[in-house]
Amino acid sequence: MRVTNRMMTTNMLSNINRNKQNMDTLGNQYSTQQKIQRPSEDPVVAVRSLKYRTQLSETTQYVEKNIPDAFAWMDVTEGAMKEINSMITSINTYCNQGSTGTLEIKDRNSIIETLTQYRDHVYNLANADYAGRYVFTGFRTDTSLLFSEATNGTADKTYTTYTIKEELTFNDISNTTYVKGGVTYAANKTANQYASEAATTGKCQKLALSYGKLDTNGVKTVTLTDKAGNSIKITTNAADNADGFVLKKKSMTAADKYEAGANEIVYIEETGELIFGENVSAKALDYQKISVEYDKTKFEKGDIRPEHYFECKTTYHDNTDPANPTTKVTNYTNPAVQKIEYEVNFSQKLTVNTLAKDAFPTSIRTKMDEIIRAVNEVFDMDDKISDANKLLEGETDKAKIAALTEYKEQLTNEKTLKEKILQEAFGSALTTTAKAQEQVNVAVSNHGSRYLRLQMTESRLSTQKIDFTEMLKTNDCVELEDAIINYKSAEIIYNASLNCASTVVKNSLLDFL
(Lines of atoms letter the chains of each structure in order from A and count residues from 1; the text may use other names and numbers.)
(Lines give C-alpha, C1' and ligand atoms only; values in the text may rest on other atoms or scores of the structure.)
Protein backbone atom coordinates (compact mmCIF):
# COMPACT_ATOMS: atom_id res chain seq x y z
CA MET A 1 0.00 0.00 0.00
CA ARG A 2 1.27 3.42 -0.95
CA VAL A 3 1.71 5.71 2.05
CA THR A 4 1.65 9.39 1.24
CA ASN A 5 2.86 12.33 3.28
CA ARG A 6 -0.73 13.43 3.76
CA MET A 7 -1.59 10.05 5.26
CA MET A 8 1.37 10.26 7.60
CA THR A 9 0.50 13.81 8.58
CA THR A 10 -3.13 12.92 9.24
CA ASN A 11 -2.18 9.96 11.42
CA MET A 12 0.36 12.01 13.34
CA LEU A 13 -2.18 14.78 13.99
CA SER A 14 -4.69 12.21 15.12
CA ASN A 15 -2.19 10.63 17.50
CA ILE A 16 -1.06 13.99 18.78
CA ASN A 17 -4.68 15.00 19.45
CA ARG A 18 -5.38 11.72 21.24
CA ASN A 19 -2.28 12.16 23.39
CA LYS A 20 -3.33 15.72 24.11
CA GLN A 21 -6.81 14.61 25.10
CA ASN A 22 -5.33 11.97 27.38
CA MET A 23 -3.02 14.55 28.95
CA ASP A 24 -6.00 16.90 29.38
CA THR A 25 -8.03 14.17 31.11
CA LEU A 26 -5.16 13.27 33.40
CA GLY A 27 -4.51 16.98 34.00
CA ASN A 28 -8.13 17.39 35.16
CA GLN A 29 -7.73 14.40 37.46
CA TYR A 30 -4.52 15.94 38.79
CA SER A 31 -6.14 19.31 39.47
CA THR A 32 -9.53 18.05 40.78
CA GLN A 33 -8.52 14.63 42.13
CA GLN A 34 -11.76 13.34 40.58
CA LYS A 35 -11.79 10.40 38.19
CA ILE A 36 -14.38 11.90 35.85
CA GLN A 37 -15.82 15.30 35.08
CA ARG A 38 -18.79 14.09 33.02
CA PRO A 39 -20.82 10.87 33.23
CA SER A 40 -19.93 10.09 29.62
CA GLU A 41 -16.28 9.67 30.58
CA ASP A 42 -17.09 6.55 32.62
CA PRO A 43 -20.79 5.63 33.04
CA VAL A 44 -20.02 2.90 35.58
CA VAL A 45 -18.19 5.32 37.88
CA ALA A 46 -21.00 7.87 37.44
CA VAL A 47 -23.75 5.37 38.39
CA ARG A 48 -21.84 4.12 41.43
CA SER A 49 -21.19 7.71 42.51
CA LEU A 50 -24.90 8.56 42.41
CA LYS A 51 -25.76 5.44 44.38
CA TYR A 52 -23.10 6.05 47.04
CA ARG A 53 -24.04 9.74 47.35
CA THR A 54 -27.72 8.87 47.86
CA GLN A 55 -26.91 6.29 50.52
CA LEU A 56 -24.49 8.65 52.25
CA SER A 57 -27.03 11.49 52.22
CA GLU A 58 -29.75 9.29 53.74
CA THR A 59 -27.37 7.86 56.34
CA THR A 60 -26.21 11.35 57.27
CA GLN A 61 -29.84 12.43 57.70
CA TYR A 62 -30.44 9.54 60.11
CA VAL A 63 -27.17 9.90 62.04
CA GLU A 64 -26.99 13.69 62.31
CA LYS A 65 -30.68 14.67 62.52
CA ASN A 66 -33.28 11.95 63.07
CA ILE A 67 -31.42 9.88 65.67
CA PRO A 68 -30.19 12.85 67.77
CA ASP A 69 -33.75 14.23 67.82
CA ALA A 70 -35.07 10.82 68.90
CA PHE A 71 -32.38 10.61 71.61
CA ALA A 72 -33.32 14.07 72.90
CA TRP A 73 -37.02 13.16 73.11
CA MET A 74 -36.27 9.86 74.85
CA ASP A 75 -33.76 11.47 77.24
CA VAL A 76 -36.43 13.91 78.44
CA THR A 77 -38.90 11.03 78.85
CA GLU A 78 -36.43 8.82 80.69
CA GLY A 79 -35.31 11.63 82.98
CA ALA A 80 -38.91 12.42 83.96
CA MET A 81 -39.81 8.76 84.59
CA LYS A 82 -36.71 8.12 86.70
CA GLU A 83 -37.39 11.18 88.84
CA ILE A 84 -41.05 10.15 89.17
CA ASN A 85 -39.88 6.72 90.26
CA SER A 86 -37.70 8.38 92.89
CA MET A 87 -40.63 10.50 94.09
CA ILE A 88 -42.88 7.45 94.40
CA THR A 89 -40.17 5.72 96.43
CA SER A 90 -40.13 8.70 98.80
CA ILE A 91 -43.93 8.67 99.00
CA ASN A 92 -43.80 4.97 99.85
CA THR A 93 -41.27 5.65 102.61
CA TYR A 94 -43.42 8.38 104.18
CA CYS A 95 -46.55 6.23 103.94
CA ASN A 96 -44.66 3.50 105.75
CA GLN A 97 -43.85 5.97 108.52
CA GLY A 98 -47.46 7.16 108.64
CA SER A 99 -48.77 3.59 108.94
CA THR A 100 -46.91 2.97 112.21
CA GLY A 101 -48.85 3.41 115.42
CA THR A 102 -46.12 5.40 117.19
CA LEU A 103 -46.58 8.72 115.39
CA GLU A 104 -48.58 11.58 116.84
CA ILE A 105 -51.19 13.27 114.67
CA LYS A 106 -48.95 16.34 114.30
CA ASP A 107 -46.24 14.07 112.92
CA ARG A 108 -48.68 12.59 110.44
CA ASN A 109 -49.74 16.11 109.46
CA SER A 110 -46.13 16.93 108.65
CA ILE A 111 -45.97 13.78 106.55
CA ILE A 112 -49.18 14.81 104.77
CA GLU A 113 -47.68 18.16 103.80
CA THR A 114 -44.60 16.40 102.44
CA LEU A 115 -46.68 13.81 100.58
CA THR A 116 -48.79 16.55 99.00
CA GLN A 117 -45.66 18.25 97.68
CA TYR A 118 -44.34 14.95 96.31
CA ARG A 119 -47.70 14.13 94.74
CA ASP A 120 -47.89 17.48 92.97
CA HIS A 121 -44.27 17.15 91.84
CA VAL A 122 -44.96 13.70 90.36
CA TYR A 123 -47.67 15.03 88.09
CA ASN A 124 -45.72 18.19 87.26
CA LEU A 125 -42.90 15.94 86.07
CA ALA A 126 -45.43 14.07 83.97
CA ASN A 127 -46.13 17.40 82.27
CA ALA A 128 -42.57 17.43 80.84
CA ASP A 129 -42.05 18.75 77.32
CA TYR A 130 -39.36 18.63 74.64
CA ALA A 131 -39.01 21.66 72.36
CA GLY A 132 -42.53 22.76 73.26
CA ARG A 133 -44.04 19.31 72.68
CA TYR A 134 -45.45 17.42 75.68
CA VAL A 135 -43.79 14.01 75.75
CA PHE A 136 -46.45 12.01 77.65
CA THR A 137 -49.58 13.14 75.80
CA GLY A 138 -49.41 10.94 72.69
CA PHE A 139 -50.47 12.60 69.44
CA ARG A 140 -51.75 15.68 71.29
CA THR A 141 -48.26 17.07 71.86
CA ASP A 142 -49.61 20.63 71.94
CA THR A 143 -51.96 19.89 74.86
CA SER A 144 -50.55 19.80 78.38
CA LEU A 145 -51.15 16.74 80.53
CA LEU A 146 -52.45 18.89 83.39
CA PHE A 147 -54.86 21.78 83.68
CA SER A 148 -52.76 24.93 83.99
CA GLU A 149 -55.59 26.84 85.68
CA ALA A 150 -58.62 25.92 87.76
CA THR A 151 -62.01 25.98 86.05
CA ASN A 152 -65.03 27.53 87.77
CA GLY A 153 -67.60 25.34 86.07
CA THR A 154 -71.06 26.62 85.29
CA ALA A 155 -70.33 29.90 87.11
CA ASP A 156 -68.46 31.04 84.01
CA LYS A 157 -70.14 32.27 80.85
CA THR A 158 -68.08 29.75 78.92
CA TYR A 159 -67.26 26.36 80.41
CA THR A 160 -66.56 22.77 79.37
CA THR A 161 -68.19 19.65 80.77
CA TYR A 162 -66.36 16.35 80.47
CA THR A 163 -68.37 13.13 80.19
CA ILE A 164 -65.79 10.55 81.22
CA LYS A 165 -65.93 6.80 80.68
CA GLU A 166 -63.53 5.20 83.15
CA GLU A 167 -62.70 1.50 82.76
CA LEU A 168 -62.01 -0.43 85.96
CA THR A 169 -62.01 -4.03 87.18
CA PHE A 170 -63.27 -5.90 90.21
CA ASN A 171 -59.70 -5.87 91.57
CA ASP A 172 -59.99 -2.08 91.90
CA ILE A 173 -62.70 -2.55 94.55
CA SER A 174 -61.24 -2.38 98.06
CA ASN A 175 -62.62 -3.61 101.38
CA THR A 176 -62.59 -0.38 103.42
CA THR A 177 -63.21 0.35 107.10
CA TYR A 178 -65.29 3.39 108.04
CA VAL A 179 -66.74 4.91 111.22
CA LYS A 180 -70.47 4.49 111.78
CA GLY A 181 -72.47 6.90 113.85
CA GLY A 182 -70.80 9.20 116.34
CA VAL A 183 -71.74 11.34 119.26
CA THR A 184 -73.23 14.83 118.81
CA TYR A 185 -73.48 17.53 121.46
CA ALA A 186 -76.77 18.84 122.85
CA ALA A 187 -77.18 20.82 126.08
CA ASN A 188 -79.99 18.60 127.44
CA LYS A 189 -78.47 15.17 126.73
CA THR A 190 -77.70 12.75 129.54
CA ALA A 191 -74.67 10.52 129.99
CA ASN A 192 -76.72 7.48 128.94
CA GLN A 193 -77.83 9.22 125.75
CA TYR A 194 -74.22 10.03 124.87
CA ALA A 195 -73.21 6.46 125.60
CA SER A 196 -75.92 5.17 123.25
CA GLU A 197 -74.40 7.23 120.42
CA ALA A 198 -71.04 5.46 120.63
CA ALA A 199 -69.29 5.29 117.28
CA THR A 200 -68.54 1.90 115.77
CA THR A 201 -66.76 0.72 112.65
CA GLY A 202 -68.15 -0.93 109.55
CA LYS A 203 -66.86 -2.44 106.32
CA CYS A 204 -67.79 -1.50 102.78
CA GLN A 205 -66.80 -2.42 99.24
CA LYS A 206 -65.42 0.84 97.82
CA LEU A 207 -64.35 1.79 94.30
CA ALA A 208 -62.52 5.12 93.92
CA LEU A 209 -62.79 7.02 90.63
CA SER A 210 -59.90 9.08 89.34
CA TYR A 211 -61.73 12.32 90.08
CA GLY A 212 -63.75 13.80 92.90
CA LYS A 213 -65.92 16.92 92.97
CA LEU A 214 -68.21 15.52 90.28
CA ASP A 215 -71.17 17.37 88.87
CA THR A 216 -74.51 17.10 90.65
CA ASN A 217 -75.96 13.75 89.63
CA GLY A 218 -72.60 13.29 87.92
CA VAL A 219 -72.46 9.48 87.79
CA LYS A 220 -74.79 8.43 84.99
CA THR A 221 -74.26 4.70 84.60
CA VAL A 222 -72.20 1.81 85.95
CA THR A 223 -71.81 -1.02 83.45
CA LEU A 224 -70.62 -4.54 84.33
CA THR A 225 -69.23 -6.57 81.40
CA ASP A 226 -68.07 -10.19 81.26
CA LYS A 227 -65.49 -11.78 78.95
CA ALA A 228 -68.16 -12.75 76.43
CA GLY A 229 -69.27 -9.15 76.09
CA ASN A 230 -72.51 -9.54 78.04
CA SER A 231 -73.21 -6.46 80.12
CA ILE A 232 -75.45 -5.09 82.85
CA LYS A 233 -76.09 -1.35 82.90
CA ILE A 234 -76.96 0.11 86.29
CA THR A 235 -78.68 3.51 86.41
CA THR A 236 -80.64 5.58 88.91
CA ASN A 237 -83.78 3.71 87.82
CA ALA A 238 -83.99 0.17 89.18
CA ALA A 239 -86.56 -0.73 86.51
CA ASP A 240 -83.86 -0.31 83.84
CA ASN A 241 -82.03 -3.38 85.14
CA ALA A 242 -83.47 -6.87 85.33
CA ASP A 243 -81.50 -7.61 88.50
CA GLY A 244 -83.12 -4.66 90.25
CA PHE A 245 -79.81 -2.92 90.86
CA VAL A 246 -79.96 0.83 91.35
CA LEU A 247 -77.53 3.76 91.45
CA LYS A 248 -77.96 6.25 94.31
CA LYS A 249 -76.26 9.51 95.24
CA LYS A 250 -75.24 10.50 98.75
CA SER A 251 -73.46 13.53 100.12
CA MET A 252 -70.20 13.39 102.03
CA THR A 253 -72.07 14.96 104.97
CA ALA A 254 -74.53 12.05 105.21
CA ALA A 255 -74.02 9.87 108.29
CA ASP A 256 -74.73 6.69 106.27
CA LYS A 257 -72.70 7.69 103.20
CA TYR A 258 -70.70 4.44 103.24
CA GLU A 259 -73.75 2.22 103.67
CA ALA A 260 -75.34 0.68 100.58
CA GLY A 261 -78.27 -1.71 100.21
CA ALA A 262 -77.59 -5.17 98.82
CA ASN A 263 -78.74 -4.12 95.32
CA GLU A 264 -77.38 -0.57 95.46
CA ILE A 265 -74.35 1.32 94.25
CA VAL A 266 -73.96 4.53 96.23
CA TYR A 267 -71.76 7.25 94.76
CA ILE A 268 -70.40 10.24 96.66
CA GLU A 269 -69.95 13.12 94.23
CA GLU A 270 -67.58 15.12 96.48
CA THR A 271 -65.00 12.32 96.65
CA GLY A 272 -65.75 10.28 93.53
CA GLU A 273 -66.22 7.11 95.60
CA LEU A 274 -68.64 4.29 94.72
CA ILE A 275 -69.94 1.97 97.46
CA PHE A 276 -71.07 -1.46 96.20
CA GLY A 277 -73.85 -3.37 97.88
CA GLU A 278 -73.38 -7.06 98.60
CA ASN A 279 -75.32 -8.39 95.57
CA VAL A 280 -73.83 -5.85 93.19
CA SER A 281 -70.32 -6.68 94.41
CA ALA A 282 -70.94 -10.41 93.84
CA LYS A 283 -72.15 -9.68 90.31
CA ALA A 284 -69.11 -7.47 89.68
CA LEU A 285 -66.89 -10.41 90.71
CA ASP A 286 -68.55 -12.56 88.05
CA TYR A 287 -68.33 -9.86 85.37
CA GLN A 288 -64.95 -8.38 86.41
CA LYS A 289 -65.00 -5.38 84.02
CA ILE A 290 -66.57 -2.21 85.42
CA SER A 291 -67.22 0.89 83.34
CA VAL A 292 -68.34 4.11 85.01
CA GLU A 293 -69.65 7.08 83.04
CA TYR A 294 -69.79 10.40 84.87
CA ASP A 295 -69.77 14.19 84.32
CA LYS A 296 -67.24 16.64 85.69
CA THR A 297 -67.02 20.37 84.99
CA LYS A 298 -64.89 21.84 87.78
CA PHE A 299 -61.18 21.01 87.73
CA GLU A 300 -58.39 22.17 90.01
CA LYS A 301 -55.06 23.49 88.80
CA GLY A 302 -52.80 20.47 88.34
CA ASP A 303 -55.64 18.01 87.66
CA ILE A 304 -55.01 15.58 84.83
CA ARG A 305 -56.86 16.27 81.59
CA PRO A 306 -59.25 13.31 81.13
CA GLU A 307 -58.64 13.01 77.36
CA HIS A 308 -55.10 11.75 78.06
CA TYR A 309 -56.35 8.82 80.13
CA PHE A 310 -59.93 7.99 79.22
CA GLU A 311 -62.46 7.79 76.46
CA CYS A 312 -64.50 10.94 76.97
CA LYS A 313 -66.65 13.64 75.43
CA THR A 314 -66.41 17.37 76.01
CA THR A 315 -69.35 19.74 75.70
CA TYR A 316 -68.28 23.36 75.39
CA HIS A 317 -70.98 25.79 76.57
CA ASP A 318 -70.93 29.41 75.41
CA ASN A 319 -73.45 31.55 77.29
CA THR A 320 -71.89 34.89 76.36
CA ASP A 321 -75.16 35.73 74.64
CA PRO A 322 -77.89 34.42 77.03
CA ALA A 323 -80.48 34.73 74.30
CA ASN A 324 -78.50 32.52 71.97
CA PRO A 325 -76.39 29.98 73.93
CA THR A 326 -74.31 27.56 71.88
CA THR A 327 -72.64 24.21 72.53
CA LYS A 328 -69.88 22.32 70.78
CA VAL A 329 -69.26 18.60 71.32
CA THR A 330 -65.86 16.92 70.87
CA ASN A 331 -65.30 13.17 71.22
CA TYR A 332 -62.00 11.66 72.39
CA THR A 333 -61.23 7.99 71.91
CA ASN A 334 -59.43 5.88 74.46
CA PRO A 335 -55.71 6.71 74.06
CA ALA A 336 -54.74 3.04 73.91
CA VAL A 337 -52.08 3.30 71.19
CA GLN A 338 -50.60 6.63 70.16
CA LYS A 339 -47.12 5.97 68.84
CA ILE A 340 -44.88 8.84 67.79
CA GLU A 341 -42.37 7.17 65.48
CA TYR A 342 -39.08 8.46 64.11
CA GLU A 343 -37.55 6.95 60.97
CA VAL A 344 -34.08 6.04 62.23
CA ASN A 345 -32.89 3.77 59.40
CA PHE A 346 -33.82 2.63 55.92
CA SER A 347 -37.48 1.48 56.26
CA GLN A 348 -37.05 1.28 60.05
CA LYS A 349 -39.11 3.31 62.54
CA LEU A 350 -38.77 3.57 66.31
CA THR A 351 -41.41 4.65 68.85
CA VAL A 352 -39.93 7.44 70.98
CA ASN A 353 -42.86 8.36 73.22
CA THR A 354 -44.46 6.85 76.32
CA LEU A 355 -48.08 7.55 77.21
CA ALA A 356 -48.83 8.99 80.64
CA LYS A 357 -51.53 6.37 81.23
CA ASP A 358 -48.94 3.62 80.66
CA ALA A 359 -46.27 5.18 82.88
CA PHE A 360 -48.11 6.33 86.00
CA PRO A 361 -51.66 5.88 87.30
CA THR A 362 -54.05 8.45 88.74
CA SER A 363 -54.39 6.37 91.92
CA ILE A 364 -51.56 8.22 93.69
CA ARG A 365 -53.51 11.47 93.71
CA THR A 366 -56.71 9.65 94.72
CA LYS A 367 -55.00 7.87 97.61
CA MET A 368 -53.33 11.06 98.86
CA ASP A 369 -56.72 12.80 98.86
CA GLU A 370 -58.15 9.92 100.90
CA ILE A 371 -55.35 10.23 103.48
CA ILE A 372 -55.82 14.00 103.70
CA ARG A 373 -59.54 13.51 104.37
CA ALA A 374 -58.72 10.99 107.10
CA VAL A 375 -56.25 13.39 108.73
CA ASN A 376 -58.78 16.22 108.66
CA GLU A 377 -61.38 14.00 110.31
CA VAL A 378 -58.96 13.31 113.17
CA PHE A 379 -58.26 17.05 113.45
CA ASP A 380 -62.02 17.66 113.65
CA MET A 381 -62.19 15.23 116.57
CA ASP A 382 -59.38 17.13 118.32
CA ASP A 383 -61.37 20.35 117.96
CA LYS A 384 -64.49 18.69 119.39
CA ILE A 385 -62.54 17.28 122.34
CA SER A 386 -61.07 20.73 122.96
CA ASP A 387 -64.58 22.22 122.95
CA ALA A 388 -65.74 19.51 125.38
CA ASN A 389 -62.91 20.43 127.75
CA LYS A 390 -63.98 24.06 127.67
CA LEU A 391 -67.55 23.06 128.52
CA LEU A 392 -66.32 20.98 131.45
CA GLU A 393 -64.14 23.77 132.86
CA GLY A 394 -67.00 26.01 133.92
CA GLU A 395 -69.60 23.36 134.76
CA THR A 396 -70.67 22.71 138.37
CA ASP A 397 -73.78 20.60 137.91
CA LYS A 398 -72.89 16.95 138.66
CA ALA A 399 -75.35 15.52 136.13
CA LYS A 400 -74.04 17.75 133.39
CA ILE A 401 -70.44 17.00 134.38
CA ALA A 402 -71.21 13.30 134.08
CA ALA A 403 -72.91 13.87 130.72
CA LEU A 404 -70.02 15.99 129.38
CA THR A 405 -67.47 13.50 130.69
CA GLU A 406 -69.27 10.72 128.82
CA TYR A 407 -69.48 12.98 125.76
CA LYS A 408 -65.73 13.59 125.88
CA GLU A 409 -65.05 9.88 126.37
CA GLN A 410 -67.13 8.99 123.33
CA LEU A 411 -65.32 11.66 121.31
CA THR A 412 -61.98 10.20 122.41
CA ASN A 413 -63.11 6.70 121.42
CA GLU A 414 -64.30 7.99 118.05
CA LYS A 415 -60.95 9.74 117.54
CA THR A 416 -59.17 6.46 118.30
CA LEU A 417 -61.27 4.69 115.67
CA LYS A 418 -60.54 7.39 113.10
CA GLU A 419 -56.84 7.30 113.91
CA LYS A 420 -56.93 3.56 113.22
CA ILE A 421 -58.63 4.24 109.89
CA LEU A 422 -55.97 6.84 109.11
CA GLN A 423 -53.30 4.26 109.92
CA GLU A 424 -55.02 1.78 107.57
CA ALA A 425 -55.18 4.46 104.88
CA PHE A 426 -51.43 4.91 105.12
CA GLY A 427 -51.06 1.13 104.95
CA SER A 428 -53.21 0.85 101.83
CA ALA A 429 -51.17 3.69 100.30
CA LEU A 430 -48.15 1.38 100.50
CA THR A 431 -49.91 -1.02 98.15
CA THR A 432 -51.00 1.83 95.88
CA THR A 433 -47.49 3.28 95.62
CA ALA A 434 -45.95 -0.18 95.13
CA LYS A 435 -48.29 -0.80 92.17
CA ALA A 436 -47.58 2.66 90.79
CA GLN A 437 -43.85 2.07 91.07
CA GLU A 438 -44.20 -1.28 89.35
CA GLN A 439 -46.04 0.44 86.49
CA VAL A 440 -43.33 3.10 86.20
CA ASN A 441 -40.62 0.42 86.26
CA VAL A 442 -42.32 -1.47 83.42
CA ALA A 443 -42.54 1.77 81.40
CA VAL A 444 -38.87 2.56 82.12
CA SER A 445 -37.87 -0.97 81.10
CA ASN A 446 -39.83 -0.75 77.86
CA HIS A 447 -38.36 2.67 77.20
CA GLY A 448 -34.86 1.37 77.95
CA SER A 449 -35.16 -1.47 75.43
CA ARG A 450 -36.15 1.01 72.71
CA TYR A 451 -33.33 3.33 73.78
CA LEU A 452 -30.82 0.47 73.49
CA ARG A 453 -32.17 -0.35 70.04
CA LEU A 454 -31.67 3.27 69.04
CA GLN A 455 -28.08 3.20 70.32
CA MET A 456 -27.36 0.05 68.30
CA THR A 457 -28.89 1.63 65.22
CA GLU A 458 -26.79 4.76 65.67
CA SER A 459 -23.63 2.68 66.03
CA ARG A 460 -24.41 0.65 62.93
CA LEU A 461 -25.30 3.71 60.84
CA SER A 462 -22.21 5.59 62.00
CA THR A 463 -20.11 2.67 60.71
CA GLN A 464 -22.10 2.61 57.47
CA LYS A 465 -21.55 6.33 57.05
CA ILE A 466 -17.79 5.82 57.27
CA ASP A 467 -18.00 2.90 54.82
CA PHE A 468 -20.09 4.86 52.31
CA THR A 469 -17.71 7.80 52.59
CA GLU A 470 -14.74 5.53 51.84
CA MET A 471 -16.51 3.80 48.96
CA LEU A 472 -17.51 7.16 47.47
CA LYS A 473 -13.95 8.41 47.78
CA THR A 474 -12.55 5.25 46.20
CA ASN A 475 -15.08 5.43 43.38
CA ASP A 476 -14.80 9.18 42.64
CA CYS A 477 -11.26 10.19 43.57
CA VAL A 478 -7.78 9.38 42.35
CA GLU A 479 -4.70 9.16 44.48
CA LEU A 480 -2.66 12.33 44.14
CA GLU A 481 0.60 10.39 43.62
CA ASP A 482 -0.95 8.34 40.82
CA ALA A 483 -2.42 11.47 39.22
CA ILE A 484 0.97 13.19 39.18
CA ILE A 485 2.75 10.17 37.70
CA ASN A 486 0.06 9.58 35.08
CA TYR A 487 -0.03 13.25 34.10
CA LYS A 488 3.77 13.44 33.78
CA SER A 489 3.77 10.27 31.69
CA ALA A 490 1.09 11.70 29.41
CA GLU A 491 3.01 14.94 29.14
CA ILE A 492 6.18 13.09 28.10
CA ILE A 493 4.26 11.05 25.53
CA TYR A 494 2.59 14.18 24.17
CA ASN A 495 5.91 16.02 23.86
CA ALA A 496 7.51 12.96 22.23
CA SER A 497 4.71 12.78 19.68
CA LEU A 498 5.22 16.45 18.86
CA ASN A 499 8.97 15.91 18.47
CA CYS A 500 8.43 12.89 16.26
CA ALA A 501 5.91 14.77 14.15
CA SER A 502 8.29 17.66 13.60
CA THR A 503 10.92 15.24 12.27
CA VAL A 504 8.61 13.42 9.89
CA VAL A 505 6.71 16.42 8.57
CA LYS A 506 9.79 18.48 7.62
CA ASN A 507 10.98 15.82 5.05
CA SER A 508 9.69 16.23 1.48
CA LEU A 509 10.41 14.79 -2.06
CA LEU A 510 12.95 17.51 -2.71
CA ASP A 511 15.10 16.18 0.18
CA PHE A 512 15.64 13.01 -1.87
CA LEU A 513 16.35 14.56 -5.30
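Just so you know, we're using full-length UniProt numbering here: the sequence shown kicks off at 1 and counts up by one. For every residue, glycine included, the Cβ atom is placed at its ideal position computed from N, Cα and C. Just so you know, these numbers come straight off a predicted model, no measurement behind them.
Which residue wins for smallest C-alpha separation from residue i, given the options the options?
{"i": "E470", "options": "P39, Y52, V329", "result": "Y52"}
{"i": "E41", "options": "Q55, F299, T54, T25", "result": "T25"}
{"i": "A191", "options": "K473, S497, I401, E479", "result": "I401"}
{"i": "R365", "options": "S31, Y211, N334", "result": "Y211"}
{"i": "I421", "options": "N188, Y178, K213, D243", "result": "Y178"}
{"i": "T253", "options": "G181, L480, A195, D240", "result": "G181"}
{"i": "A436", "options": "K20, V122, D75", "result": "V122"}
{"i": "Q205", "options": "A262, S110, E149", "result": "A262"}
{"i": "T54", "options": "Q21, D482, K465", "result": "K465"}
{"i": "L480", "options": "F299, M7, Q34", "result": "Q34"}
{"i": "I91", "options": "Q455, I492, K367", "result": "K367"}
{"i": "D75", "options": "V352, N19, Y258", "result": "V352"}
{"i": "N475", "options": "A186, N334, Q37", "result": "Q37"}
{"i": "K357", "options": "Y309, L115, N334, G132", "result": "Y309"}
{"i": "E406", "options": "H447, Y185, K248", "result": "Y185"}
{"i": "T412", "options": "G138, E104, K390, D382", "result": "D382"}
Could you pull the DSSP bridge partners for residue i from this structure?
{"i": "D467", "result": "The partner list for D467 (beta bridge, DSSP) is empty, contrary to what the question assumes."}
{"i": "Q205", "result": "N175, F276"}
{"i": "N499", "result": "Paired residues: none, contrary to the question."}
{"i": "I265", "result": "L247, F276"}
{"i": "L350", "result": "Y342"}
{"i": "T223", "result": "K233, S291"}
{"i": "C312", "result": "I164, Y332"}
{"i": "H121", "result": "DSSP, once it has assigned bridges, lists no residue as partnering H121."}
{"i": "D318", "result": "T158, T326"}
{"i": "Y211", "result": "Looking at the DSSP assignment, Y211 forms no beta bridge with any residue, so it has no partner."}
{"i": "I304", "result": "L146"}
Cα separation between residue i and residue j?
{"i": "I485", "j": "N495", "result": "15 angstroms"}
{"i": "C314", "j": "T163", "result": "Before going on, a small fix: residue 314 reads as Thr here, not Cys. Straight-line Cα distance between these residues: approximately 6 angstroms."}
{"i": "K65", "j": "D303", "result": "36 angstroms"}
{"i": "G27", "j": "Y487", "result": "6 angstroms"}
{"i": "S57", "j": "F71", "result": "20 angstroms"}
{"i": "N279", "j": "L355", "result": "37 angstroms"}
{"i": "A199", "j": "I268", "result": "21 angstroms"}
{"i": "Y316", "j": "Y134", "result": "24 angstroms"}
{"i": "Y332", "j": "V442", "result": "26 angstroms"}
{"i": "E78", "j": "E197", "result": "55 angstroms"}
{"i": "I371", "j": "E395", "result": "37 angstroms"}
{"i": "E393", "j": "L430", "result": "42 angstroms"}
{"i": "M81", "j": "Y287", "result": "34 angstroms"}
{"i": "R460", "j": "D467", "result": "11 angstroms"}
{"i": "Q410", "j": "P306", "result": "43 angstroms"}
{"i": "E113", "j": "S86", "result": "18 angstroms"}
{"i": "E293", "j": "N237", "result": "15 angstroms"}
{"i": "A282", "j": "C312", "result": "28 angstroms"}
{"i": "residue 574", "j": "K220", "result": "Here the chain has residues from 1 to 513 only, and residue 574 is not among them."}
{"i": "residue 520", "j": "L209", "result": "Because the chain here runs from 1 to 513, residue 520 falls outside it and cannot be looked at."}
{"i": "A359", "j": "L452", "result": "19 angstroms"}
{"i": "T432", "j": "T216", "result": "29 angstroms"}
{"i": "E167", "j": "I340", "result": "24 angstroms"}
{"i": "R450", "j": "Y62", "result": "16 angstroms"}
{"i": "Y118", "j": "I234", "result": "37 angstroms"}
Determine the DSSP secondary structure at residue i, reduced to helix, strand or coil.
{"i": "Y451", "result": "helix"}
{"i": "I164", "result": "strand"}
{"i": "I16", "result": "helix"}
{"i": "S459", "result": "helix"}
{"i": "D295", "result": "strand"}
{"i": "Y407", "result": "helix"}
{"i": "D129", "result": "strand"}
{"i": "K180", "result": "strand"}
{"i": "L422", "result": "helix"}
{"i": "L146", "result": "strand"}
{"i": "Y134", "result": "strand"}
{"i": "Q34", "result": "strand"}
{"i": "T200", "result": "strand"}
{"i": "T366", "result": "helix"}
{"i": "T169", "result": "strand"}
{"i": "M252", "result": "coil"}
{"i": "Y487", "result": "helix"}
Could you round the C-beta distance between residue i and residue j to whole angstroms and report it? I think they count as a contact, below 8 angstroms.
{"i": "L224", "j": "I290", "result": "6 angstroms"}
{"i": "S174", "j": "G427", "result": "With 8 angstroms as the limit, S174 and G427 do not qualify as a contact, their Cβ atoms being about 12 angstroms apart."}
{"i": "T320", "j": "K157", "result": "5 angstroms"}
{"i": "L472", "j": "S31", "result": "About 20 angstroms; that fails the 8 angstroms criterion."}
{"i": "V378", "j": "L454", "result": "About 51 angstroms; that fails the 8 angstroms criterion."}
{"i": "D295", "j": "T161", "result": "6 angstroms"}
{"i": "N127", "j": "L145", "result": "5 angstroms"}
Using a Cβ cut-off of 9 angstroms (strictly closer), state whether residue i contacts chain D.
{"i": "A388", "result": "You won't find chain D in this structure, because it holds only one protein chain."}
Flag residue i as yes when its Cβ comes closer than 8 angstroms to any non-hydrogen atom of the ligand FMN, and as no otherwise.
{"i": "R133", "result": "Of ligands this structure carries none, so the ligand FMN is not represented either."}
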